[in-house]
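Chemist: Got a structure for you, written out below as structure tokens; questions coming shortly.
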Amino acid sequence: FEAMTPGEFKEQGRNLAISYGIAPSPFGKCLLASTARGICHLSFVDDNMEESSCKRLQAAWPGALFSENNPHAAALAMEVFSPAPNKDKPFHLHLKGTNFQVNVWKALVAIPRGMAASYQDVARWIGNPLASRAVANAVAGNPVAWLIPCHRVIAKTGRFHNYRWGKTRKKALLAWESAHTHNA
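Written as structure tokens, this is what we have:
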């Protein structure tokens, strides 16, 4: 994935064209957004929350130029949630985050499908073993659910910790991944 440059981060997406839309997924509706450089947002949307979800997306990129394109989002969702991802055609991500967040997100991508790791594990992997709370904040700030698998992070006790879109959905994501791992 590609992180925004410090200048782009400071500009808050000024004049950046972002296409977005609501699409179905195996885990309920999702809001997908992309730029010419890649997917910049993927979140799950509960019933009657479409408008507030879109407003949160637009608030995250206050200088961007948004255009709604539900058919594009639906086509993208079909690729994103394919049980057997095409490893020859990876997704490009265009993300806005701090260096620390980007390092955490890279570590999350390295967790194998269907597996889980603790916040402490991730902190160790990025070379900062005492930063589990900061890792938790970076995990919570993940702008592209599923593609950066924040659902794979659990408490060191094995308990399913908080998840922005609910513990039930987190369990479903891990179970679906485990069931489809043999296809990957």
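First residue of the sequence shown: 1163, per my numbering; consecutive thereafter.
C-beta atoms are modelled at their ideal positions from N, C-alpha and C, and glycine is treated no differently.
Here the structure is a predicted model, which means the values were calculated and not measured.
1. When burial is assigned at 16 or more other CB atoms within 10 Å of the CB, is proline 1224 buried or exposed?
2. If I follow the unbroken beta strand (DSSP E) through histidine 1313, where does it start and stop?
3. With alanine 1285 as the anchor, note down where its alpha helix (DSSP H) starts and where it stops.
4. On the criterion of 16 or more Cβ atoms from any shown chain inside 10 Å, does phenylalanine 1206 qualify as buried, or is it exposed?
5. To the nearest angstrom, how far is it from the Cα of aspartate 1283 to the Cα of leucine 1255?
6. In chain order, which alpha helix (DSSP H) runs of at least 4 residues are fully inside the region 1172-1237?
7. Between the Cα of serine 1181 and the Cα atoms of Lys1268, Leu1204, Glu1173 and Met1277, which residue gives the shortest distance?
8. Give the DSSP bridge partners of alanine 1165, in chain order.
9. What residues in its chain sit with their C-beta under 7 Å from that of lysine 1332, if we drop five residues either side in the sequence?
10. Taking 8 Å as the cut-off, decide whether the C-beta atoms of proline 1311 and phenylalanine 1243 are in contact.
11. At a cut of 8 Å, does the region 1281-1301 reach the region 1261-1269 through at least three beta carbon pairs?
Modeler: Result, derived from the coordinates:
1. One-based indexing of the sequence shown puts residue 1224 at position 62. Burial call: exposed.
2. For the purposes of this step, residue 1313 is identified with residue 151 of the sequence shown, where counting begins at 1. Careful: histidine 1313 lies outside any beta strand (DSSP E) and carries neither H nor E.
3. Position 123 of the sequence shown, counted from the first residue, corresponds to residue 1285. Here the alpha helix (DSSP H) through alanine 1285 covers 1281-1287.
4. Position 44 of the sequence shown, counting from 1, holds the residue named residue 1206. Buried: at least 16 other Cβ atoms inside 10 Å.
5. Residue 1283 sits at position 121 when you count from the first residue of the sequence shown. Residue 1255 sits at position 93 when you count from the first residue of the sequence shown. Rounded to the nearest whole angstrom, the C-alpha separation of aspartate 1283 and leucine 1255 is 24 Å.
6. Correct list: 1212-1222.
7. Locating residue 1181 in the sequence shown gives position 19, where the first residue counts as 1. Among Lys1268, Leu1204, Glu1173 and Met1277, the Cα nearest to that of serine 1181 is on Leu1204.
8. Along the sequence shown, read from residue 1 onward, the residue named residue 1165 stands at position 3. Paired residues: Leu1257.
9. What you label residue 1332 is simply residue 170 of the sequence shown in a count that begins at 1. Scanning its chain for C-beta atoms nearer than 7 Å, with the 5 sequence neighbours on each side dropped, one finds around lysine 1332 the residues His1313, Phe1322 and Tyr1325, in chain order.
10. For the purposes of this step, residue 1311 is taken as residue 149 along the sequence shown, with counting starting at 1. For the purposes of this step, residue 1243 is taken as residue 81 along the sequence shown, with counting starting at 1. It is not a contact, given that the beta carbons lie outside the stated cut-off.
11. The answer is yes - the region 1261-1269 touches the region 1281-1301, with three or more Cβ pairs under 8 Å.
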